[in-house]
DNA sequence: TCAGGCTACTCCGCCGTCCAAGTATCTAGC
DNA sequence: GCTAGATACTTGGACGGCGGAGTAGCCTGA
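Residue numbers (my numbering), protein chains in the order written: chain A, 47 to 216; chain B, 47 to 216.
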């Protein structure tokens with residue numbers, strides 16, 4: 047990942063500087079930077095755990111979505127909505143997953159504009175195996191937090207998502 | 047960003063499915079996914095706010111670091127350590143910032159291996175202006191949280207960073 | 001003094017993301 | 001039924017990030 051750990055908390059230090067310069071919203075700045083860094087850490091860990099299965103987090107997430115879906119298949123557009131991905135990204139991810147034989151593109155029975163992504167039996171196997179390893183061993187990359195803390199974190203971030211208009215409050 | 051908001055919380059829904067399949071660590075899974083979404087949301091907002099200044103969050107952060115540094119200059123490697131960036135990314139960011147005239151690459155006085163990035167007067171101006179807009183208006187992209195909540199969030203994520211070995215506990 | 005290893009940065013290639021534009025298909029209104 | 005606009009996906013181009021390999025310069029020890 048990176049070279050050496052720092053002897054101090056770089057974000058706390060930046061917050062101090064920020065405040066002493068009289069810049070606005072130091073708390074928001076620290077929180078934003080923390081989220082960025084946490085995401086980076088977690089993504090790196092999860093991707094590393096998934097690498098033996100030839101998956102990235104994005105592809106794994108897509109695969110899980112299909113795994114959980116009623117028919118094992120979803121329109122690409124719907125996948126994009128669920129995963130909050132740009133249509134282009136969905137196409138890209140579907141390309142790779144199809145290439146790996148983990149999904150199959152299928153014509154929609156009535157609407158010929160839309161293509162369905164359908165998880166293959168091999169795809170199901172891979173999801174189950176990857177989940178055992180990635181989620182089980184690494185606790186999905188989020189080490190030092192208790193269940194209660196994880197919950198608080200999720201709740202706080204839920205507010206951010208609601209505020210961004212991801213989904214309606216309640 | 048994306049097409050339409052969902053009528054429900056996709057992460058909560060995924061958590062439910064995850065649990066009902068007996069998969070491990072549903073709380074961790076929900077927290078991880080939440081962090082990913084939140085990062086995506088915030089990055090998009092901040093980048094949008096910075097776009098008029100021709101900056102991305104990564105470049106802005108680098109510029110702020112130099113702004114705050116004692117000499118207004120730092121070795122690229124040190125910047126990577128502080129910002130937790132891959133050396134390649136630092137090179138890339140420095141390239142663009144230099145191209146924009148916001149920093150200048152300078153030879154290190156004694157060690158000819160290392161190059162210093164030095165913020166230019168124009169760079170200082172841009173940072174100040176961008177900060178006023180990005181941090182002031184958008185509260186750096188984190189809308190719906192109070193100062194207390196921001197603080198709790200930062201503290202929780204601090205644990206993640208410590209656990210990842212970013213810096214020593216205390 | 002000089003050989004070997006370490007450090008600092010850069011180049012190349014891949015991945016995932018976005019934007020803008022293009023094509024095909026559906027649907028609503030006349 | 002036909003046209004205009006909406007919808008669904010794909011393509012091409014750009015960017016930021018990472019990993020790995022390469023090069024240049026430093027430094028230690030025999």
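All C-beta atoms in this analysis are idealised placements derived from N, C-alpha and C, irrespective of residue type, glycine included.
Consider the Cβ of residue i: report whether some Cβ of chain B lies at a distance smaller than 7 Å.
| i | result |
| --- | --- |
| residue 205 of chain A | yes |
| residue 211 of chain A | yes |
| residue 193 of chain A | yes |
| residue 196 of chain A | yes |
| residue 48 of chain A | In this prediction, residue 48 of chain A scores a pLDDT of 40, lower than 50, which makes its location untrustworthy; no coordinate-derived value is stated. |
Compare the beta carbon distance of residue i and residue j with 7 Å and say whether it is the shorter of the two.
| i | j | result |
| --- | --- | --- |
| residue 118 of chain A | residue 164 of chain A | yes |
| residue 152 of chain A | residue 162 of chain A | yes |
| residue 64 of chain A | residue 72 of chain A | yes |
| residue 173 of chain B | residue 110 of chain B | yes |
| residue 96 of chain B | residue 106 of chain B | yes |
| residue 205 of chain B | residue 147 of chain A | no |
| residue 176 of chain A | residue 139 of chain A | no |
DSSP three-state label for residue i, please.
| i | result |
| --- | --- |
| residue 188 of chain A | coil |
| residue 194 of chain B | helix |
| residue 120 of chain B | strand |
| residue 153 of chain A | strand |
| residue 84 of chain A | helix |
| residue 203 of chain B | helix |
| residue 162 of chain B | strand |
Rounded to whole angstroms, what's the CA-CA distance from residue i to residue j? Just pull it up for me.
| i | j | result |
| --- | --- | --- |
| residue 79 of chain B | residue 93 of chain B | 21 Å |
| residue 101 of chain B | residue 132 of chain B | 19 Å |
| residue 76 of chain B | residue 128 of chain B | 29 Å |
| residue 88 of chain B | residue 89 of chain A | 16 Å |
| residue 202 of chain A | residue 158 of chain B | 47 Å |
| residue 48 of chain A | residue 85 of chain B | Since pLDDT at residue 48 of chain A reaches only 40, below the 50 mark, its modelled position is unreliable, and no value is offered. |
| residue 155 of chain A | residue 137 of chain A | 20 Å |
| residue 150 of chain A | residue 124 of chain A | 16 Å |
| residue 170 of chain A | residue 114 of chain A | 10 Å |
Give a yes or no on whether the minimum CB-CB distance between residue i and chain A is below 7 Å.
| i | result |
| --- | --- |
| residue 145 of chain B | no |
| residue 139 of chain B | no |
| residue 135 of chain B | no |
| residue 8 of chain B | Coverage of chain B is limited to positions 47 through 216, which leaves residue 8 of chain B absent and any answer about it impossible. |
| residue 199 of chain B | yes |
| residue 81 of chain B | yes |
| residue 161 of chain B | no |
| residue 52 of chain B | yes |
Indicate, with yes or no, if the ligand ADP has a heavy atom lying under 6 Å from the CB of residue i.
| i | result |
| --- | --- |
| residue 121 of chain B | You won't find the ligand ADP in this model; it holds no ligand whatsoever. |
Name the residues in the segment 111-128 of chain A whose C-beta lies less than 9 Å from a C-beta of chain B; which are they? Going along the segment 111-128 of chain A in chain order, one finds 111, 113, 114, 123, 126, 127 and 128 with a Cβ nearer than 9 Å to chain B.
What residues from the segment 86-114 of chain B come within 8 Å of chain A, judged by C-beta to C-beta, listed N to C? Residues of the segment 86-114 of chain B that bring their beta carbon within less than 8 Å of a beta carbon in chain A comprise 86, 87, 88, 89, 91, 92, 103, 107, 110, 111 and 114, in sequence order.
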